Amino acid sequence: MMFGYQSGIESLNVGVKTQTAFGSYLGFGSDLIFGSLVKLTSDIGYNFMSDFQEPIGGRKNYNGVVFSIGFGFMF
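This is the structure:
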């Protein structure tokens with residue numbers, strides 16, 4: 140399940156909206172280890188999911204390519 144969360148303020152009203160949609164993620168990635176303490180991570184994939192019933196962040200559909208890169212310390 141994919142979760143969407145949105146909060147906002149409208150003239151004296153504070154609103155919170157949470158929705159779910161069925162989805163899946165397909166991707167691959169790699170880790171590069173530098174020495175015994177530092178690693179660099181990269182990942183690329185695609186989100187497959189159904190639409191939210193109401194817009195979250197201005198959109199109902201969040202299908203698409205996802206790319207991430209990370210830097211970490213290992214203990």
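Quick note: our numbering has the sequence shown finishing at residue 214, numbered continuously throughout. All C-beta atoms, glycine included, are put in the ideal place defined by N, C-alpha and C. Just so it is clear, the structure is predicted and the values come from calculations on it, not from any experiment.
Enumerate in chain order the residues of its own chain whose CB-to-CB distance from N200 is below 7 Å, with the five nearest sequence positions on each side excluded. D190
Simplified DSSP state of D190, which is helix, strand or coil: coil
Could you pull the start and end residues of the beta strand (DSSP E) that I172 belongs to? 162-173
Between the stretch 170-187 and the stretch 147-158, can you find at least three pairs of beta-carbon atoms closer than 8 Å? no
Skipping 5 residues on each side, what residues in its chain have a beta carbon closer than 7 Å to that of F212? L176, V177
According to DSSP, is K156 helix, strand or coil? strand
Report buried or exposed for G203, applying the criterion of at least 16 other Cβ atoms within 10 angstroms of its Cβ. exposed
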